[in-house]
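See below for the structure under consideration.
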Amino acid sequence: MVADRTDLGMKVVVNHRYWGLIYQDDVTQPLRRGQSVKGYVKQRREDGRLNISLLPPGAARLDVVGNKVLQALRESGGYLALGDKSPAHEVKARLGVSKSAYKQAIGRLYKQQLITLEPDAIRLVPGALSE
123 MVADRTDLGM
133 KVVVNHRYWG
143 LIYQDDVTQP
153 LRRGQSVKGY
163 VKQRREDGRL
173 NISLLPPGAA
183 RLDVVGNKVL
193 QALRESGGYL
203 ALGDKSPAHE
213 VKARLGVSKS
223 AYKQAIGRLY
233 KQQLITLEPD
243 AIRLVPGALS
253 E
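The numbers in the sequence shown follow our numbering, run straight up by one, and end at 253.
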């Protein structure tokens, strides 16, 4: 549960028992005090507090971010003006994820032949998602 905003991010209570922190860079959606959200423990610190992420770890994280990218592509007619060299703040503003997570996800989508890469954008491969 979200407890309070700090200079570093959002202070949270995990399982009504442990203090944790979602760093500002890991906040992927608007959060408000008292809101319950699903989070994942990234690290247990020496002081006993937890670093929390709103995205799942590992490959599951890439699935979540990849789905966000595909959804944004669908909503924008198959073209997204976010490329490899786009500033991190643009990626965060558009998709709510870090540039690193975005680059990993588009790399995976490219290998799956769902998108093509352009210098300043990505494009959905025609018919790639038809069922």
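Glycine included, C-beta positions come from ideal geometry on N, C-alpha and C.
Cβ-Cβ distance between residue i and residue j below 8 Å
i, j, result
"LEU184", "ALA227", "yes"
"ASP242", "GLY188", "no"
"VAL247", "LEU239", "no"
"LEU153", "MET123", "no"
"VAL219", "THR128", "no"
"ARG155", "ALA125", "yes"
"VAL191", "PRO178", "no"
"LEU143", "VAL134", "yes"
"ALA194", "ARG216", "yes"
"VAL213", "LYS221", "yes"
"TYR140", "LEU172", "yes"
Secondary structure of residue i, DSSP reduced to three states
i, result
"GLY142", "strand"
"ASP126", "strand"
Bounding residues of the beta strand (DSSP E) (the contiguous stretch that carries residue i)
i, result
"LYS247", "Per the sequence shown, residue 247 should be read as Val rather than Lys. Where VAL247 is concerned, there is no enclosing beta strand (DSSP E), given that its DSSP letter is neither H nor E."
"VAL135", "131-136"
Cβ neighbour criterion (16 or more within 10 Å) applied to residue i
i, result
"ASP148", "buried"
"TYR224", "buried"
"VAL163", "exposed"
"GLY170", "exposed"
"GLY180", "exposed"
"LEU130", "exposed"
"GLY199", "exposed"
"GLY249", "exposed"
- prompt: What are the complete beta strand (DSSP E) segments, minimum 3 residues, inside the stretch 157-238?
  reply: If we require 3 residues or more, the beta strand (DSSP E) runs fully inside the stretch 157-238 come out as 162-166, 172-175.
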